[in-house]
Amino acid sequence: MPVFDYKGVDSQGKTVKGKVDGDTLKIARAKLRRQNIFPIELVEKETVEKVTQTTRFTKFFKRVKITDISVMTRQLATLVKANIPLVESLIAITDQLENERLKLVMTEVREQVNEGSSLAGALGKHPEVFSNLYINMVKAGETAGTLDTVLLRLAEFTESSVRLRNKVMGAMMYPLLMTFVGAAIITGLFIFVIPQITQIFSEMEQALPLITRIVIGISDILRHYWYLVALGLFLFYTLFKKIKATEKGKRRLDALLLSLPIFGKLIRMISVSRFTSTLSTLLKGGVPLIAAMDIVKNVVDNTLIRDALAKARENITEGQSIAQPLRESGEFPAIVTHMISIGEKTGELESMLNTISDAYDNEVNTTITALTQLLEPIMILLMGVGVGIIVMAVLLPILNLNNIASS
1 MPVFDYKGVD SQGKTVKGKV DGDTLKIARA KLRRQNIFPI ELVEKETVEK
51 VTQTTRFTKF FKRVKITDIS VMTRQLATLV KANIPLVESL IAITDQLENE
101 RLKLVMTEVR EQVNEGSSLA GALGKHPEVF SNLYINMVKA GETAGTLDTV
151 LLRLAEFTES SVRLRNKVMG AMMYPLLMTF VGAAIITGLF IFVIPQITQI
201 FSEMEQALPL ITRIVIGISD ILRHYWYLVA LGLFLFYTLF KKIKATEKGK
251 RRLDALLLSL PIFGKLIRMI SVSRFTSTLS TLLKGGVPLI AAMDIVKNVV
301 DNTLIRDALA KARENITEGQ SIAQPLRESG EFPAIVTHMI SIGEKTGELE
351 SMLNTISDAY DNEVNTTITA LTQLLEPIMI LLMGVGVGII VMAVLLPILN
401 LNNIASS
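My numbering puts the sequence shown at residues 1 to 407.
Written out as structure tokens, the structure is:
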């Protein structure tokens, strides 16, 4: 018969722990109630041991997706809003989670909350799963007594983040696939087709056109010195990572990204949208403005924009405006700083930030759609050019030979 570990409250309101047997969880719960014990937590002992044994493996090999966190947050918000006690809500959430790692994390969170820890404090012990933004929002909600509202806003925020990420990934999937297929086709031509034709050219006692010699040279390098090419790519990747890891290198790369003709504008719009939506969510959740700015600057990837936000945070501590340092940085569009300034003056900064976020979300979606439609013909054109160069390199010597023969 299965044995269950339980935590509960007796008829005098004292917390009790122990073990109870029963064929099913329902029978074990009923047995405890007949003993005037209200079970708060009831877990089969075998399951507890299994969780303990697999925690280390799951920690390293299972990944928690943002979609899993979003769904869990909305469900938890619904339960808390229905006035179900937090521990019972966490029990219900944990039982239905499908992601094994998140289930283990929430089991630990539930136990810590049951032992008297705050929800934010319990979540804070798992920074690899819950972001600084998430933890601070929950902390603000617990402090203000509006945990259900904060959780709903967090769910909406994570869902919008998921939509934006999926939009970007979906838009880039086809061009990346085309790039991979095109590179594979052209590489195959250089490695397998060109060498066969080279044997024919070697029998010709005539000078080959420059384009043909270049193509044959590339083919020889890919066939005989492919390991040097692979090593060169590896060294380039390693050097790129080392440069990106330094503050100076990261700043230069970020400046380069922002200066790109089309993609620079898109990166800037995504950063502005993330900044405004995050700050609006934090302020609506009751997080003080200075603390909110500390969190917001860490959710923006670009160094130049992050520096502008750090300067704005310093201005706030000195009792000044947010909009002025953002305007002086030159990294934010004039309309954004103007709307933030109006929001500060009218006392409607939260709603103004939300308006900016919605507008830029729409603009990002429009830009991504336009880029997708533009990239498809560009990729096809580049593939055609690559194949055309190879065909020209093959045909030119043959045409030259025919001209010689006819003359």
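The beta carbon of each residue, even a glycine, is placed where N, CA and C say it ideally should be. Note that this is a predicted model, so its numbers are computed, not measured.
Between the segment 215 to 233 and the segment 183 to 195 there are three or more C-beta pairs closer than 8 Å, enough to call the two in contact.
DSSP, reduced to helix, strand and coil, places GLU363 within a helical segment of the structure shown. In terms of CA proximity to THR24, GLU44 leads the group GLN12, ILE40, GLU44. In the displayed model, PRO397 falls within a helix according to three-state DSSP. LYS19 is a Cβ neighbour of PHE4, given a cutoff of 9 Å. Going by DSSP, GLU111 is part of the alpha helix (DSSP H) stretching over 100 to 114. Setting aside the 5 residues that flank it on each side, LEU164 has no residue in the same chain whose C-beta is closer than 6 Å to its C-beta. Using a 10 angstroms sphere on the CB of ARG327, the tally of other CB atoms reaches 16 or more, which defines it as buried. For the pair VAL229 and LEU239, the CB atoms are not nearer than the 9 Å cut-off. By the 16-neighbour rule on beta-carbons within 10 angstroms, PHE157 is buried. In terms of Cβ geometry, TYR6 and ALA30 do not form a close pair [threshold 9 Å]. By alpha-carbon distance to ALA207, the top candidate from ASP68, LEU282, SER271, LEU396 is LEU396. As computed with DSSP, GLU41 is found in a beta bridge with LYS7. Runs of the beta strand (DSSP E) spanning 3 or more residues and lying entirely within the segment 200 to 277 do not occur at all. For LYS17, the uninterrupted beta strand (DSSP E) segment begins and ends at 15 to 21. In the structure shown, the three-state DSSP call for VAL193 is helix. Rounded to the nearest whole angstrom, the CA to CA distance from ARG252 to LYS345 is 35 Å. Three or more Cβ pairs drawn from the segment 276 to 285 and the segment 135 to 144 lie within less than 8 Å of each other, which places the two stretches in contact. 9 Å or more divides the Cβ of ILE316 from the Cβ of ARG268. If you draw a straight line from the Cα of LEU309 to the Cα of PRO325, it is about 8 Å long. Each of MET178, GLY121, VAL71 was checked against the Cα of LEU154, and the nearest Cα belongs to VAL71.
Under the three-state reduction of DSSP, VAL299 is assigned to coil, being neither helix nor strand. In this structure, the beta-carbon distance from VAL105 to VAL64 falls below 9 Å.
When rounded, the separation of the alpha-carbon atoms in LEU257 and PHE263 is 7 Å. Residue burial annotation: ASN362 is exposed, with fewer than 16 other C-beta atoms found within 10 angstroms of its C-beta. For GLN324, the uninterrupted alpha helix (DSSP H) run begins and ends at 323 to 329, by DSSP.
The residue among ILE93, LEU399, ASP301 with its C-alpha nearest the C-alpha of PRO209 is LEU399. Closest by C-alpha distance to ALA292, out of VAL300, LEU279, THR303, ASN365, is LEU279.
In the DSSP annotation of this structure, the continuous segment of the alpha helix (DSSP H) that includes LYS31 starts and ends at 25 to 34.
The beta-carbon distance between VAL296 and SER271, rounded to whole angstroms, is 11 Å. This is too long to meet the 8 Å contact definition. The DSSP-derived three-state label of ILE84 is coil. Short of 8 Å from the beta carbon of PHE201, and not among the five residues preceding or following it, lie these beta carbons of its own chain, in chain order: LEU208, THR212, ILE216, PRO397. In terms of Cα proximity to SER160, the closest of GLN35, ARG74, ALA255 is ARG74. Taking the C-beta atoms as reference points, ILE380 is found nearer than 9 Å to MET178. Ranked by how close their Cα comes to the Cα of LEU266, the residues ALA370, SER11, GLY388 have ALA370 in first place.
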